[in-house]
Amino acid sequence: MSEQQLQAGCYHCGLPVPPQTDFQLLIDEQQRRFCCPGCQAVATAIVSGGLENFYRFRTDNSVRPNSRAADFSAFDLPEIQAQLVHRDATGAAQVALLLEGINCAACVWLIEHHLGALPGVLSVRVNASTHRCQLRWQPQQITLGELLAALAGIGYNPVPATEGRQQALREKENRQALMRLAVAGFGMMQLGMVAVALYAGADEGWEVFLRWLSLLIATPVVLYSARPFFQAARRGLRTRHLNMDVPVSIAIGGAYSASVWATLFGGGEVYFDSVSMFTFFLLLGRYLEMRVRHRNGIETDRFAQLLPLTARRRAASGAWETVSLRQLRCGDRVEVASGACIPCDGVVRDGSGGVVETLLSGEPDAVHKEPGDEVIAGSMNTDSALQIDVTAVGVDTRLSAIERLVEQAQQEKPSQVAMADRLASRFVGLVLLVALLVAVSWWFIDPARAFWITLSVLVVTCPCALSLASPTALTVAIAWLRQQGLLVTRGHVLEGLNAIDRVVFDKTGTLTEGSPQVEDVLDGNGQPLPAAHRVAVLQICAALEAGSSHPLARAFSGFEGARQALNLKQVTGQGVQGEIVAQGAGDGSHGGVYRLGKPGFVGLAATPPVGSGQWLLLGCAGSAAEGEAASGGESRGKSRIVAWIRLRDSLRPSARALIADLQARGLQTELLSGDDEPEVQRIARLLGFQRWQSNRSPQQKLAYVQEVQQRGERVLMVGDGINDVPVLSAAFVSVAMGGATDLAQTRADSVLLRSDLGVLSRALDCAHLTRRIIRQNLAWALTYNLLAVPLAAAGWVPPWAAAIGMSSSSLVVVANALRIGRR
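No gaps in the numbering here: position 106 of the sequence shown is 118 in the working numbering, and each next residue is one more.
Set out below in structure tokens:
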């Protein structure tokens, strides 16, 4: 659509713009006109979601929305939801939002409980550090627009959690915080000078003037700088929940109101300087905490960088065309120039060179890619141009899957965080009760000091440090583990690593590289097959393994396409079965039903030839013409041996050191594999395992781990592949290898993105340090309050000193948590 066509009418729907209307919005650095508030609201939703390129690449006008609908109904439009909403296998919808106005853990509690009570809402997870909200709901019962309106109704403005919007929100939050801090700082300094004159004993005329001057300076501090405290307190009281800003607001509002009364009607003392001072120090503490949160957020967002807006796609005519990324479909072929970001998941078809996957694996070195190799969206092509066949785009890419896993981990609350949140909420109620008792007591002791001592108690006991103790440390730890190559996808991982007793490993693809190579192809008598027959057997195996995600299927790469297999069936932990169509026999009359896997699965009582490695048996039943021509194997009734295939998979270089380190820590280690006994025994001896089991089916693995855990042990399971999905789900803590299937990764509590198993040792060290830091933070926060409350109640802590103490307590907690990243 041309620019002239777009400008002829409404920028959104193209209809004529009525005269004497002025609905405009800045898009692409130009003021665009709209025919009605509905179109303007839709455009606002698109732009605020970072989707303004929708207008650049659309091919027709959009449908005009119902102008009577609420503004948030724009988010229910299909073109908006296609980019923001992800639907899982159950049909539930999921969206990531950024929320403006979150100040503390109590805000998180309020949001989760308010939305959680709405019909159709399945889960609400809010991260106080990143201000992100993960919503999951049933779209048949409630719409996204209604959910956003519910959020706005309690004072939290929701926007889509795109990276651009996240950065814009950080910049806006930083500007506002600096402005409020500057106003409070200016007021504190000026009021300090005025207070010197008042305390020095100015005569009556000057005293009245200086009090009014103090009122003039202090008013912007209270109404502007302290506004976030009042807003948060009002939200909490409206929903009948005591948050941390309630006592702070009472303290600031009460001191200011009492001073205003003394200024207007004379008599009593004014404490405008104290109000400004503890407002400044409160804001300073929150600003420094915000800067730490922003830094951690930027570090987390590194892997979620924006993909290119366009891609070069081969058209039906064979020519290359530039299209929007949203126009790519599976099966398209794209060209990625040297130095460009790969826009999709795919398979290299032409060209070769290095691809840097630091964004996903953390490893800085380029990985060499050849035709047939897989590439991932978000990685960088460093060498010559590559032609790639698209296999996944948008929300289906591995990059998007990892983003969702990270969001899930950030929103889940470990028990330490949940406990601290509950403790802080109850602590506020206790603080108000203590403040009331202090006020009553001092009213009888010294009424003139009762108000200000109560004020100090309210300020000094604000439980900010208590609520920051756990989430700050966990956020830093998870970000550090992500840099090391361990992607935490469940919130309990760091807690769980401190409690495990036993570590159970799968073999193939976990302790080994997961890239087996064919070493021998033998006939039923254990004799090597001729070269032509060997190739034919491997082509049959490749056809049977087509589409399989099991690591053993990779052994037959390079032999695909020569044979066709129909009616494929995979039996987990046993093998694969399919009907092979012979070359040149399209009707399949010379084919047969083939099975590849363990001898018992193939249906033959055969013993593998002598030799180390993993042996697979290829057998044929039914029409055997194809098998006879291919192998010359020995017939055994209706089933016969076609070939024995020996595979060899090399150990990961870091496996031996990891097992030794775990045993040195006093942990039980065990190898639990579905492979045959000779190979499992060989690997166990090489790595130093004292306990190992072979020929274990997925059900037997699951039953064994459940039995161990029922005895009171906590198991860390490390596995790869679809065979390990049940046991990964059941283990106390689980780790999936980076090459694992998507299903295994989503069921696992964490994903190892690197090939270095030594990351698990560093993860255990990080978990132990994080636990120690959290305990130190909680001990400090509780000790501080236990010491500060009696001092404030005794009248030894003025309000401004109480503000400094409370802010300093929070900063100590944050600084202590940052030690995790430096370690």
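Don't be surprised by glycine CBs; every beta carbon is placed ideally from N, CA and C.
Inter-residue Cα distance where the pair is residue i and residue j
| i | j | result |
| --- | --- | --- |
| C356 | L740 | 29 Å |
| V824 | I166 | 32 Å |
| G836 | T473 | Absent from the model: residue 836. The displayed extent of the chain is 13 to 835, so no value can be given. |
| W332 | G770 | 45 Å |
| S643 | C778 | Residue placement at S643 is poorly supported in this model, since its pLDDT is 39, which falls under 50; the coordinates are not used for a value here. |
| R660 | Q626 | 6 Å |
| V97 | P90 | 10 Å |
| C25 | E41 | 20 Å |
| G128 | G157 | 16 Å |
| A86 | I154 | 14 Å |
| G686 | P710 | 8 Å |
| C22 | N139 | 39 Å |
| F35 | D88 | 21 Å |
| Q717 | G731 | The sequence given here has Val at residue 717, not Gln. About 13 Å. |
| L448 | S482 | 30 Å |
| G197 | F293 | 9 Å |
| K610 | H780 | 43 Å |
| L506 | M729 | 15 Å |
| A827 | S820 | 10 Å |
| S468 | S269 | 16 Å |
| L163 | A55 | 20 Å |
Neighbour-count burial assignment, residue i, 16 or more Cβ in a 10 Å radius
| i | result |
| --- | --- |
| T33 | exposed |
| A316 | Low per-residue confidence applies at A316: pLDDT is 45, beneath 50, and the placement is therefore not dependable enough to give any value. |
| V614 | buried |
| Q106 | buried |
| Q146 | buried |
| V452 | exposed |
| F277 | exposed |
| K581 | exposed |
| R652 | buried |
| A207 | buried |
| Q539 | exposed |
| I786 | buried |
| A245 | buried |
| N537 | exposed |
| W273 | exposed |
| W852 | The structure shown does not extend to residue 852, since the chain is modelled only from 13 to 835, so the question has no answer here. |
Coarse secondary structure for residue i, derived from DSSP in three states
| i | result |
| --- | --- |
| E382 | coil |
| L616 | coil |
| W492 | helix |
| W149 | strand |
| W332 | strand |
| R303 | helix |
| T403 | strand |
| L679 | coil |
| T291 | helix |
| Q586 | coil |
| Y236 | helix |
| R345 | strand |
| F35 | strand |
| A316 | Any reading at A316 must be qualified, since the residue scores a pLDDT of 45, below 50, and its modelled position is unreliable; no value is offered. |
| V622 | coil |
| E591 | strand |
| I653 | strand |
| F46 | strand |
| E216 | helix |
| R324 | strand |
| P665 | coil |
| V826 | helix |
Presumed contact (8 Å Cβ cut-off) between residue i and residue j, rounded CB distance
| i | j | result |
| --- | --- | --- |
| I400 | G358 | 4 Å |
| E185 | M302 | 7 Å |
| L699 | R668 | 6 Å |
| K519 | I657 | Not confirmed; about 18 Å, so no contact. |
| V258 | S271 | That belief does not hold up - the Cβ atoms of V258 and S271 are roughly 21 Å apart, past 8 Å. |
| V446 | I465 | Wrong, their Cβ atoms sit about 12 Å apart, outside the cutoff. |
Original post:
What residue ranges within the stretch 696–756 form continuous alpha helix (DSSP H) runs of no fewer than 4 residues, ordered along the chain?
Top reply: Secondary structure remark: continuous alpha helix (DSSP H) runs of at least 4 residues inside the stretch 696–756, in chain order: 710–722 and 737–742.
**OP:** Within the stretch 761–797, note down every full beta strand (DSSP E) run reaching 3 residues or more, in order along the chain.
**Re:** 762–764
Subject >> Start-end ranges of the alpha helix (DSSP H) lying completely within the stretch 528–567, minimum 4 residues >> reply: As far as the stretch 528–567 is concerned, its whole alpha helix (DSSP H) runs of at least 4 residues are 543–556.
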